[in-house]
Amino acid sequence: MSTNVPVEATVDHRAPLFKRLPVISHFNKSVGLQRGMLVIGLVLTGTFLLTAIFAPLIAPFGFAQLSDADGSFPTQEPPGGKHLWGTTVGGYDVFSRVIWGSQTAVLVIVVAVVLSIFAGVILGLVSGYIGGWLDRILVVVADAIYAFPSLLVAIVMAIVISGGQSSLFGGVLAAAISITVVFIPQYFRVIRAETIRLKAEPFVESAKVVGASSIRIMSRHIYRNATRTLPLIFTLNASEAILTLAGLGFLGFGIEPSSAAEWGFDLNKALADTTSGIWWTGVFPGLAIVWTVLGLTLVGESINDLNDPRLRGRKKAASGKGGPDSSAGDQAAIEAEVRSA
Amino acid sequence: MTTLIEAPPTDADGLLPSKKKKSGGGLGQYILIRFLLIFPTIFILVTMVFFLMRITGDPITAAMGGRLPPEQLQERIQAAGYDRPLLVQYFEYLAQLVTGNFGTTLSDNRKVTEMLATYGAATLELTINALIVALLVGIPFGMIAAHRRDHVPDAVLRVFAILCYATPVFFAGLLLKLTFSVWLGWLPVAGRAKTSSELALTGLQAPSGIYWLDAIRSGNMAALGDVMAHAVLPAIALGLLTAGIFLRLVRTNVIGTLGRDYIEAGRSRGVSEFRLVTKHAYKPALIPIITVMGLQIAVMLGGAVLTEKTFEWQGLGFQLANYLTARDFVAVQGIVVLLAVIVAVTNFIVDIVAALIDPRVRY
Chain A
1 MSTNVPVEAT VDHRAPLFKR LPVISHFNKS VGLQRGMLVI GLVLTGTFLL
51 TAIFAPLIAP FGFAQLSDAD GSFPTQEPPG GKHLWGTTVG GYDVFSRVIW
101 GSQTAVLVIV VAVVLSIFAG VILGLVSGYI GGWLDRILVV VADAIYAFPS
151 LLVAIVMAIV ISGGQSSLFG GVLAAAISIT VVFIPQYFRV IRAETIRLKA
201 EPFVESAKVV GASSIRIMSR HIYRNATRTL PLIFTLNASE AILTLAGLGF
251 LGFGIEPSSA AEWGFDLNKA LADTTSGIWW TGVFPGLAIV WTVLGLTLVG
301 ESINDLNDPR LRGRKKAASG KGGPDSSAGD QAAIEAEVRS A
Chain B
342 MTTLIEAPPT DADGLLPSKK KKSGGGLGQY ILIRFLLIFP TIFILVTMVF
392 FLMRITGDPI TAAMGGRLPP EQLQERIQAA GYDRPLLVQY FEYLAQLVTG
442 NFGTTLSDNR KVTEMLATYG AATLELTINA LIVALLVGIP FGMIAAHRRD
492 HVPDAVLRVF AILCYATPVF FAGLLLKLTF SVWLGWLPVA GRAKTSSELA
542 LTGLQAPSGI YWLDAIRSGN MAALGDVMAH AVLPAIALGL LTAGIFLRLV
592 RTNVIGTLGR DYIEAGRSRG VSEFRLVTKH AYKPALIPII TVMGLQIAVM
642 LGGAVLTEKT FEWQGLGFQL ANYLTARDFV AVQGIVVLLA VIVAVTNFIV
692 DIVAALIDPR VRY
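Same order as they appear, the protein sequences are chains A and B.
Numbering (the working numbering) for the first sequence: 1 to 341.
Numbering (the working numbering) for the second sequence: 342 to 704.
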């Protein structure tokens, strides 16, 4: 505009780096119920992560430990005393296994999400940018996998990779890859749609004119712009990864109890206990799953709502009138809901 | 404005550009294209499942390996034709599928189609029951949440909806079992019916396999009560999973319609708030739910596998878990293919229903 506006003024409007970090900026934007949900989610997720990191310090026993200096652990002992949450039919300490289980969960989430982002982004970029028959085939395949019950895809993959059960490393990898296959179509769709949109942007055309190669355009110009929405899918998928892992474990496709602790597997074993009224073997691992998924979902959904100005809750003064914007906001909320479901 | 924002995703789904160019193509053409699209979906899934399962080796070694001497194993592999090239086996398998022959299970030597028919009915029953629970919980609570938007009931119900999603079905099932079967002793622990009523129902002429339907048809009230008692907990466990999603959908949609002018007009004419929510705002809000209900079928089937395992409900999921443990991959493959067909067909029906309700979908 005019020359008397100093350039520094625009720079000064930006908050310090600390305040612009993803979760913190979201926190500052939130009000009321939304802030409450975000905070609860962060607390739940935080405790989950801390438990995973400090599992060796928190857990009194190893996940596969069956005895200590005083002799073998009793079996099916009710909670209390030395075994805080009781012991299982096999003599494992429930508390220790729940704590160690958080480590397995983190490992699987990280490996699964990193793998699926990697594969999904590359496929999405290539498919969207190159187009043609390759694009058609990839879209049809991705849609077919996407429509199918994710647990069944994961089961098929688990059979392929490990034939069922295996060591900690093999088991984690098998579970992670099984989950990856379920998630690739989601990342693929998002990245492909963005790539198609960006392909028509002037800066891509100018890069072409300058003579940049396809790979360079994809990896520099489009990649940077197309991956902005990924952190959000990441949080939402992390919770789904936990549920898929637990489902696999519950069906007996988990990791052997001697190589790692896994909540779903423990619940499978606990199923037989319930009829005789033994509740502690199932309730605690189950609560751990709910705790983690709830935390991740709350964080993911809050960030989703806060990213969209139309879904963001407004401070009281502004929300009273509604105005022309509010119906558009509601419409957007509906669309977001339909898409996410 | 909203259309502008929506543009990229719809663009991304245009996998049949020819369909789009012919704008104004009638409903018949749309249905035909959708119908034809079922086949590649099923074909891709069948192909993927077949090759993925065979990468690891032949089914007989998987099922019997270690239990039979190597020579005998080799003999059986040869007899079943698993030593031939993979592609030959693949085309033979496809040809069999087309004629409706899914093969024979390895672990208990049954015809796969027979097994699917027997247990499919049980899974169908469970899914229907769960859907009823989901609708009964999701729709009224969604309307309450919309009506009391941003107040305490809304907050509570939204947390409830997220909890529904965050609780794995098998854990919900375990808690329900503990509370209502073991501690309170109100409901049976597991299974579909007592042995006596099961015998009475399967002995009927041409049983549908859906127990409550058979019980009503034969007028066997004792069996009906028994079947109902067995059905409650699994239906709740699986239904709550979807109820949360329905609740949120109804809530946002009713909020959307509550802001329309015709609601305001109704209110000014003195229509009660209750009637406004339950009649005026609710009906237009139902349309998206039909679409999502179809998409939910995949989630429901996945959940059914886990629910059946939890409650020893003798359906496809329960059998799937058993066959997985027995490493009987012929049976697993059959179940997976059947589920693929169900999902594809449901999606087709949903697309058609959506197109009938909202002509804009057809292009």
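Cβ atoms here follow ideal geometry from the backbone N, Cα and C, with glycine treated the same way.
From a predicted model like this one, the values you see are computed outputs, not experimental measurements.
For residue i, name the three-state secondary structure that DSSP assigns.
i       : result
D491(B) : coil
D555(B) : helix
G365(B) : Because the pLDDT at G365(B) is just 49, under 50, the model does not fix this residue reliably, and the value given afterwards should be weighed accordingly. DSSP places G365(B) in coil when its eight states are reduced to three.
G80(A)  : strand
D567(B) : helix
D93(A)  : strand
A667(B) : coil
T508(B) : coil
V530(B) : coil
G131(A) : coil
W280(A) : helix
D424(B) : coil
T275(A) : coil
N561(B) : coil
T687(B) : helix
A318(A) : For A318(A), the predicted structure reports a pLDDT of 41, less than 50, and the residue's modelled location is therefore unreliable. A value from the coordinates is still provided. Helix, per DSSP.
L525(B) : coil
P60(A)  : coil
S302(A) : helix
S116(A) : helix
G211(A) : coil
A344(A) : The question about residue 344(A) has no answer here: the residues shown for chain A are numbered 1 through 341.
Nearest by alpha-carbon distance to residue i: which of the options is it?
i       : options                            : result
A112(A) : V290(A), V210(A), S206(A), G171(A) : G171(A)
V121(A) : I109(A), V106(A), L138(A), L38(A)  : L138(A)
D491(B) : P509(B), Q655(B), T593(B)          : T593(B)
N237(A) : D68(A), I109(A), F54(A), A105(A)   : I109(A)
T440(B) : Q430(B), Q419(B), T454(B), L428(B) : T454(B)
E415(B) : A475(B), L428(B), P400(B)          : This sequence places Gln at residue 415(B); Glu is not what is there. Measuring from the Cα of Q415(B), the nearest candidate turns out to be P400(B).
I145(A) : A513(B), V673(B), T382(B)          : T382(B)
G80(A)  : G295(A), V299(A), W280(A), I303(A) : W280(A)
V160(A) : I396(B), T651(B), G635(B), V684(B) : I396(B)
N450(B) : I596(B), I630(B), A421(B), M634(B) : A421(B)
A246(A) : F384(B), I630(B), A606(B), G643(B) : G643(B)
L271(A) : V89(A), M218(A), S258(A)           : V89(A)
A695(B) : V678(B), G526(B), A513(B), L627(B) : L627(B)
Identify, in the order they occur along the chain, each residue of the same chain with its Cβ nearer than 7 Å to the Cβ of residue i, setting aside the five sequence neighbours on each side.
i       : result
P494(B) : I485, A486
S116(A) : T180, F183, I184, Y187
P529(B) : S522, A570, H571
V686(B) : I379
H221(A) : F203, V204, A207
L427(B) : R395
G286(A) : L267
L518(B) : Residue 518(B) is actually Lys in this sequence, not Leu. Contacts found: V530, L574.
R499(B) : A486
R189(A) : A142
Leaving out five residues on either side along the sequence, give the residues of the same chain with a beta carbon under 6 Å from the beta carbon of residue i.
i       : result
D669(B) : A404, T446, L447, S448
A317(A) : Note that A317(A) has pLDDT 44, beneath the 50 cutoff, so the model's placement of it is unreliable and no number is given.
S178(A) : A154, M157, A158
N470(B) : A572, A576
P649(B) : Here residue 649(B) is Glu; the residue named in the question, Pro, does not match the sequence. Answer for E649(B): G656, G658, F659, listed in chain order.
A105(A) : I242
G444(B) : V453, V671
L599(B) : A622
G300(A) : T235, L236
For residue i, which residues of its own chain have a beta-carbon under 8 Å away from its beta-carbon, when the five flanking residues on both sides are left out?
i       : result
F501(B) : F482, G585, L588
D68(A)  : F61
Q65(A)  : F73, Y92, D93, S96
Y460(B) : Q655, G656, L657, F659, Q660
A288(A) : V98, G101, S102, W263
Residues bridged to residue i by DSSP?
i       : result
T87(A)  : D93(A)
T445(B) : K452(B)
Hey, would you say the C-beta of residue i is under 8 Å away from at least one heavy atom of the ligand GDP?
i      : result
I40(A) : By its list of ligands, the structure shown contains no ligand whatsoever, and the ligand GDP lies outside what it can speak to.
Legend entry - Every unbroken beta strand (DSSP E) within the stretch 138-189 of chain A, with a cutoff of 3 residues, ordered by chain: Complete beta strand (DSSP E) runs here, min 3: none at all.
Inset, instruction - Note down, one range per segment and in chain order, each alpha helix (DSSP H) of at least 4 residues found wholly within the stretch 593-672 of chain B. - result: Fully enclosed alpha helix (DSSP H) runs of no fewer than 4 residues occupy 602-609, 623-626, 628-652, 657-666 of the stretch 593-672 of chain B, in order along the chain.
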